[in-house]
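Here the structure comes first, spelled out in structure tokens, and everything after it is commentary.
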Amino acid sequence: MAEPRRSPWPEAVRLLVLGTLGLLFLMPYLWMVSASLKPLDEIFRASLSLIPEGGGTLRNYLRVLSEVPVLHYLWNGVVVCAGILFFQLLFAVPAGYAIAKLNFPGREWMFGAVMLGLLVPYHVPALPLYVAFSWMGILNTYASLILPSVISVFAIFLFRQFFKALPDELIHAARIDGMGELSIVWRVILPNALPAATAFAIFSVVAHWNDLFWPLIAVTGHDRATPALAILYYRSEEAGDDFGALMAASVIMTAPLVVAFLVAQRRFVEGIATTGLKG
Amino acid sequence: MRGRPGRAEALAGILLSLPAGLSYLLLLLMPTLAAVLLAFTDYELGAPTIAWIGLGNFEELLEDPGFRVSLRNTLVYVGIVAPVSIAGALGLALLIESAARGRTLFRAVFFLPVVSLPVAMATAWQYLLHPTIGPVNAFLRDIGLSGPAWLTSSDTVLLSLAFIGIWEAIGFNLVLFMAGLTAIPRELHHAAEVDGVPSAWERFRLVTWPLLGPTTLFVVTITLIRAVRTFDSVAVLTQGGPNRASEVLLYTMYTEGFTFFRLGYSAAITLVFLVIVLALMLLQTRVLDRRVHYG
Chain R
277 MAEPRRSPWP
287 EAVRLLVLGT
297 LGLLFLMPYL
307 WMVSASLKPL
317 DEIFRASLSL
327 IPEGGGTLRN
337 YLRVLSEVPV
347 LHYLWNGVVV
357 CAGILFFQLL
367 FAVPAGYAIA
377 KLNFPGREWM
387 FGAVMLGLLV
397 PYHVPALPLY
407 VAFSWMGILN
417 TYASLILPSV
427 ISVFAIFLFR
437 QFFKALPDEL
447 IHAARIDGMG
457 ELSIVWRVIL
467 PNALPAATAF
477 AIFSVVAHWN
487 DLFWPLIAVT
497 GHDRATPALA
507 ILYYRSEEAG
517 DDFGALMAAS
527 VIMTAPLVVA
537 FLVAQRRFVE
547 GIATTGLKG
Chain B
2 MRGRPGRAEA
12 LAGILLSLPA
22 GLSYLLLLLM
32 PTLAAVLLAF
42 TDYELGAPTI
52 AWIGLGNFEE
62 LLEDPGFRVS
72 LRNTLVYVGI
82 VAPVSIAGAL
92 GLALLIESAA
102 RGRTLFRAVF
112 FLPVVSLPVA
122 MATAWQYLLH
132 PTIGPVNAFL
142 RDIGLSGPAW
152 LTSSDTVLLS
162 LAFIGIWEAI
172 GFNLVLFMAG
182 LTAIPRELHH
192 AAEVDGVPSA
202 WERFRLVTWP
212 LLGPTTLFVV
222 TITLIRAVRT
232 FDSVAVLTQG
242 GPNRASEVLL
252 YTMYTEGFTF
262 FRLGYSAAIT
272 LVFLVIVLAL
282 MLLQTRVLDR
292 RVHYG
């Protein structure tokens with residue numbers, strides 16, 4: 277970072293305001309963790325102490341782990357996110373390369389279709405997809421969770437922009453070396469597009485790990501429930517008003533992405549900033 | 002060059018874009034068109050027949066008090082969330098960017114909700130805002146006030162959801178504004194100072210604000226669209242209640258389609274939703290063409 281601008285307000289005021297607001301922003305996390313460590317009677321006393329009396333208890337976590345297949349839900353989340361990302365890259369990288377660098381009939385059409393697709397929120401095709409999946413009998417499967425997202429026009433758009441900026445000489449050199457177009461895509465273009473691919477991967481995983489709308493439609497029952505659905509089920513079937521257990525479940529399901537974010541903060545922020553476009 | 006490079010290249014281009022093209026057709030274009038067509042039918046899941054009823058669904062929408070409430074709630078929600086989360090994020094971005102200390106830490110703190118599972122955080126808010134055992138009302142009791150039943154009273158439910166919406170949106174907008182601010186050359190501020198613009202506010206008004214124009218427009222559009230499609234917090238916390246006081250567009254579409262299986266009617270709501278989103282995007286392009294050029 278370069279030297280910052282001259283500040284129009286005293287540093288102490290800046291830190292005080294940001295510190296106070298920051299603390300307020302963290303309140304849901306602090307209370308979530310605090311309640312997850314408190315026994316039920318302490319929660320019901322509604323004391324304003326964040327620190328549990330007597331150092332807290334891990335009973336809530338043990339209860340969650342014994343009542344629900346936590347690992348299974350997390351695994352479902354991983355399978356769905358990884359499956360979606362794999363196909364998104366598999367389809368979008370070659371298409372982005374073709375539209376950016378190759379002359380072929382229909383190229384303008386492809387690009388027009390991509391721009392058109394960017395306008396449509398993913399909620400719009402949901403109804404017909406549900407009917408089709410129900411008719412095919414594939415609701416409640418990984419396929420039903422993954423399929424609607426395997427095509428990302430946003431990814432095609434992003435890669436097309438990125439590949440356009442790559443020098444043509446790179447491709448010419450590879451062709452002279454006798455490489456086919458397919459190996460150019462995966463062995464020359466993709467390694468050079470890693471920043472864009474990383475940004476998109478973060479965007480995609482955050483979006484699909486956190487999504488509730490489509491899983492709620494495509495899945496009923498625990499077998500293929502994603503972490504988001506798991507919390508919803510746990511609240512209605514087991515925890516009810518037991519906020520200690522519910523908060524423990526919430527902490528467990530939120531932790532993977534939050535930890536990943538804390539470890540690779542800069543990449544996450546850059547990833548979301550460059551892909552902010554699609555929201 | 003090998004022989005007939007043109008045809009080889011054309012063939013490669015077609016083959017490489019084929020998987021994307023096919024899945025686009027099957028999973029995006031056709032279902033979208035089907036949703037549009039469905040909006041003009043009386044289709045219900047499991048019904049033996051399907052009939053074209055023209056604008057029938059839309060006429061019903063106009064007279065459906067539930068839909069009117071849903072549309073109104075959505076507008077109120079967007080009307081609170083968008084301005085507060087945009088202005089708040091801009092203020093925070095300026096404050097954070099004005100000095101080096103704590104920049105990364107504060108950005109991380111405000112950004113945290115963006116990467117947190119919304120369903121989980123909604124349950125955390127449910128606990129926080131619980132009328133009897135929630136810390137918020139416990140705190141209010143301590144200072145002698147009695148807090149409302151935030152999420153279960155029809156007077157406060159939409160406001161509470163909007164507050165959660167702001168909490169979720171601010172970090173996202175903050176990151177976009179910070180990216181926009183870093184792109185403004187620092188020399189311009191120095192130049193303005195040398196040219197005799199002494200007050201920070203004037204420098205903001207004359208230099209930062211105009212140069213931040215494209216970023217702001219972008220943030221405004223994206224925030225409006227994201228607020229229009231709010232769904233998670235309603236589905237988890239209120240199911241549109243009490244008494245439809247927190248019913249919003251996408252949640253109405255979801256219940257009509259996937260609870261009552263009135264797919265035609267639900268598709269009509271989807272179409273209204275799509276038109277709103279398209280209008281917002283069109284507005285952005287229009288303004289972009291006219292106003293925010295600084296060349």
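These protein sequence lines are chains R and B, in that order. Under this note's numbering, the first residue of the first sequence carries the number 277, and numbering increases by one thereafter. Under this note's numbering, the first residue of the second sequence carries the number 2, and numbering increases by one thereafter. Heads up, the beta-carbon is just placed ideally off N, CA and C, and yes, glycines get one too.
Counting only beta-carbon separations shorter than 8 angstroms, does R:E514 have a partner in chain B?
Along the first sequence, one-based indexing puts residue 514 of chain R at 238. So no, R:E514 is outside the interface.
Please identify the residue among R:T296, R:A524, R:A515 and R:A531 whose C-alpha is closest to the C-alpha of R:S580.
Limits of chain R in this structure are 277 at one end and 555 at the other, which puts residue 580 of chain R out of reach.
If you draw a straight line from the alpha carbon of R:L538 to that of R:P381, how long is it in whole angstroms?
Numbered from 1 along the first sequence, position 262 holds the residue referred to as residue 538 of chain R. Numbered from 1 along the first sequence, position 105 holds the residue referred to as residue 381 of chain R. So the two alpha carbons sit approximately 46 angstroms from each other.
Determine the closest residue to B:A163 out of B:A228, B:V278 and B:L56, with distance taken between C-alpha atoms.
Taking the second sequence and counting its residues from 1, the one referred to as residue 163 of chain B is at position 162. With distances taken between Cα atoms, B:A163 lies closest to B:A228.
How many Å lie between R:I241 and R:I319 at the Cα?
With chain R running from 277 to 555 in the structure shown, residue 241 of chain R is simply not present.
B:A193 touches chain R at which residues, Cβ-Cβ below 9 angstroms?
Within the second sequence, numbered from 1, the residue matching residue 193 of chain B stands at position 192. Per Cβ cutoff of 9 angstroms: no residues; B:A193 is ~11 angstroms from chain R at best.
Residues bridged to B:T42 by DSSP?
In the second sequence, residue 42 of chain B corresponds to position 41, counting from 1. In DSSP, B:T42 forms a bridge with B:W53.
Drop a sphere of 10 angstroms on the beta-carbon of R:P467, count the other beta-carbons inside from all chains shown, and report buried for 16 or more, exposed for fewer.
Taking the first residue of the first sequence as position 1, residue 467 of chain R is located at position 191. Exposed is the call here.
Who are the neighbours of B:P126 on chain R, taking C-beta pairs under 7 angstroms?
Numbered from its first residue, the second sequence carries residue 126 of chain B at position 125. In the sequence as displayed, the identity of residue 126 of chain B is Trp instead of Pro. P304, listed in chain order.
Assuming R:P345 and B:W126 form a contact by the criterion Cβ under 8 angstroms, report the distance between their Cβ atoms to the nearest whole angstrom.
Translated into the one-based positions of the first sequence, residue 345 of chain R becomes position 69. Translated into the one-based positions of the second sequence, residue 126 of chain B becomes position 125. Contact doesn't hold; Cβ gap of about 26 angstroms is too wide.
Using beta-carbon positions only, say whether R:A557 and R:T550 come within less than 8 angstroms of one another.
A query on residue 557 of chain R cannot be resolved here, the shown segment of chain R reaching from 277 to 555 and no further.
Between B:A48 and chain R, is any beta-carbon pair separated by less than 8 angstroms?
As a working mapping, residue 48 of chain B is identified with position 47 in the second sequence. Output row for B:A48: interface = no.
With three or more C-beta pairs closer than 8 angstroms as the rule, is the region 228-248 of chain B touching the region 183-195 of chain B?
Judged by Cβ distances under 8 angstroms, the region 183-195 of chain B makes no contact with the region 228-248 of chain B, as fewer than three pairs qualify.
For a contact defined as C-beta to C-beta under 7 angstroms, what are the partners of R:Y373 on chain B?
Here residue 373 of chain R refers to the residue found at position 97 of the first sequence. Within 7 angstroms Cβ-Cβ: L17.
Using a Cβ cut-off of 7 angstroms, pull out every chain R residue sitting near B:A109, in sequence order please.
Here residue 109 of chain B refers to the residue found at position 108 when the second sequence is read from its first residue. Neighbours of B:A109 on chain R, chain order: Q541.
For R:K314 and R:I507, what's the separation of their Cα atoms in angstroms?
Counting from 1 along the first sequence, the entry for residue 314 of chain R is found at position 38. Counting from 1 along the first sequence, the entry for residue 507 of chain R is found at position 231. Taking the straight line joining both Cα atoms gives about 19 angstroms.
With distances taken Cα to Cα, identify the nearest neighbour of R:F387 among R:A376, R:P397 and R:V396.
Looking up residue 387 of chain R in the first sequence gives position 111. Selected option, being the one with the closest Cα: R:A376.
Determine, using beta-carbon pairs with one atom in the region 50-58 of chain B and one in the region 124-142 of chain B, whether at least three such pairs fall under 8 angstroms.
No, they do not touch.
I'd like to check one pair, B:Y128 with R:F301: are the Cβ atoms closer than 8 angstroms?
By one-based count along the first sequence, residue 301 of chain R stands at place 25. By one-based count along the second sequence, residue 128 of chain B stands at place 127. No, the Cβ-Cβ distance between R:F301 and B:Y128 is not below 8 angstroms.
Taking B:V120 as the query, report the chain R residues whose CB atoms sit under 7 angstroms from its CB, ordered along the chain.
Taking the second sequence and counting its residues from 1, one reaches residue 120 of chain B at position 119. Residues of chain R passing the Cβ test: L488, A504, I507 and L508.
Taking only the alpha-carbon atoms, compute the straight-line gap between B:V158 and B:T133 and give it to the nearest angstrom.
As a first step, residue 158 of chain B is located in the second sequence; it is residue number 157 there, counting from the start. As a first step, residue 133 of chain B is located in the second sequence; it is residue number 132 there, counting from the start. Rounded to the nearest angstrom, the two C-alpha atoms are 16 angstroms apart.
Taking 8 angstroms as the threshold (C-beta atoms), are B:V115 and B:G22 in contact?
Here residue 22 of chain B refers to the residue found at position 21 of the second sequence. Here residue 115 of chain B refers to the residue found at position 114 of the second sequence. No, Cβ-Cβ distance for B:G22 and B:V115 is not below 8 angstroms.
Look at R:I432 and R:V390 and say whether their C-beta atoms are less than 8 angstroms apart.
In the first sequence, the residue the question calls residue 432 of chain R occupies position 156. In the first sequence, the residue the question calls residue 390 of chain R occupies position 114. Yes, these two residues count as a Cβ contact at 8 angstroms.
Taking the straight line between their C-alpha atoms, what separation do you get for R:L458 and R:Y373?
Your numbering for residue 458 of chain R matches position 182 in the first sequence. Your numbering for residue 373 of chain R matches position 97 in the first sequence. If you take the alpha carbons of R:L458 and R:Y373, they lie about 10 angstroms apart.
Is it buried or exposed for R:A288, if we count other Cβ within 10 angstroms and need 16 for buried?
As a first step, residue 288 of chain R must be located in the first sequence, where it is residue number 12. The residue in question, R:A288, is exposed, as its Cβ has fewer than 16 Cβ neighbours within 10 Å.
For B:A150, report the span of its alpha helix (DSSP H) as first-last.
Translated into the one-based positions of the second sequence, residue 150 of chain B becomes position 149. First-last for B:A150: undefined, no H or E at that position.
Going by C-alpha to C-alpha distance, which of B:A35, B:M179, B:G80 and B:P84 sits closest to B:R104?
On the second sequence, residue 104 of chain B is found 103 positions in, with the first residue counted as 1. Checking every option, the nearest Cα to that of B:R104 belongs to B:M179.
Can you tell me whether B:L210 is buried or exposed, with buried defined as 16 or more other CB within 10 angstroms of its CB?
As a working mapping, residue 210 of chain B is identified with position 209 in the second sequence. For the record, residue 210 of chain B in the displayed sequence is Trp; it is not Leu. Exposed: under 16 other Cβ atoms inside 10 Å.
Keeping to the same chain, check which residues put their C-beta closer than 7 angstroms to that of B:I226; ignore five residues upstream and five downstream.
As a first step, residue 226 of chain B must be located in the second sequence, where it is residue number 225. Excluding positions up to five away in sequence, the list reads V278 and L281.
Can you list, in chain order, the residues of the region 519-533 of chain R whose Cβ is nearer than 7 angstroms to any Cβ on chain B?
Per Cβ criterion, the list reads F519, L522, M523, S526, M529, T530 and L533.
Would B:E248 be called buried (16 or more neighbouring beta carbons within 10 Å of its own) or exposed?
Position 247 of the second sequence, counting from 1, holds the residue named residue 248 of chain B. The residue in question, B:E248, is buried, as its Cβ has 16 or more Cβ neighbours within 10 Å.
R:G393 versus chain B: which residues are under 7 angstroms apart at the beta carbon?
Along the first sequence, one-based indexing puts residue 393 of chain R at 117. Correct list: Y25 and L29.
Evaluate B:D290 with the Cβ neighbour count: other Cβ atoms within 10 Å of its Cβ, from every protein chain shown; 16 or more gives buried, anything less gives exposed.
Translated into the one-based positions of the second sequence, residue 290 of chain B becomes position 289. Classification for B:D290: exposed.
When you compare the region 336-344 of chain R with the region 508-515 of chain R, are there three or more beta-carbon pairs, one atom per stretch, that lie closer than 8 angstroms?
Yes, they touch.
Hey, R:L306 and R:L326: beta-carbon distance below 8 angstroms or not?
Here residue 306 of chain R corresponds to residue number 30 of the first sequence, with the count starting at 1. Here residue 326 of chain R corresponds to residue number 50 of the first sequence, with the count starting at 1. Yes, they are a contact pair.
For chain R, is any of its Cβ atoms less than 8 angstroms away from the one on B:S117?
For this step, residue 117 of chain B is matched to residue 116 along the second sequence. Yes, B:S117 lies at the interface with chain R (some Cβ there is under 8 angstroms from its Cβ).
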